[in-house]
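Trainee:
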Amino acid sequence: MNGQNRADIYPGLEVDIILKKDQRSGKLTRGFVKDLLTSSSFHSRGIKVRLEDGQVGRVAEIVEED
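Here you go:
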């Protein structure tokens, strides 16, 4: 699932984000959502979040539970 809809994202969710410094390479960083930083309900490049370790980026993928 992509991370463009704010309704799909909540604190504690495991996600892959793209950090600002990794936008060119597309390198993903995995972590758990601490805060949602985008206030709009939809964002074409992904909802911006802060992970529990303090890193900030846009959600590229929501990690699916098996």
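Residue 281 is where the sequence shown starts when you use my numbering, and the numbers rise one by one after that. For every residue, glycine included, the Cβ atom is placed at its ideal position computed from N, Cα and C.
Compare the Cα-Cα distances from GLU332 to each of PHE312, ILE342, GLN284 and report the closest residue.
Mentor: Reading the sequence shown from its first residue, position 52 is the one you call residue 332. The residue with the shortest Cα to Cα distance from GLU332 is PHE312.
Trainee: Comparing C-alpha positions only, which one of LEU299, ASP315, LYS300, ARG304 sits nearest to LEU293?
Mentor: The residue you call residue 293 lines up with position 13 of the sequence shown. The residue with the shortest Cα to Cα distance from LEU293 is ASP315.
Trainee: What residue from SER324, ARG310, ARG338 has the CA that sits closest to GLN303's CA?
Mentor: Position 23 of the sequence shown, counted from the first residue, corresponds to residue 303. Looking at the Cα atoms, ARG338 is the closest of the given residues.
Trainee: If GLY326 and GLN284 are in contact, beta carbons under 8 Å, what's the gap, nearest whole angstrom?
Mentor: Looking up residue 326 in the sequence shown gives position 46. Looking up residue 284 in the sequence shown gives position 4. Contact flag correct, Cβ pair sits at about 6 Å.
Trainee: Looking at C-alpha atoms only, which residue of ALA340, GLU344, GLU345 is the closest neighbour of GLY306?
Mentor: Locating residue 306 in the sequence shown gives position 26, counting from the first residue. Measuring from the Cα of GLY306, the nearest candidate turns out to be ALA340.
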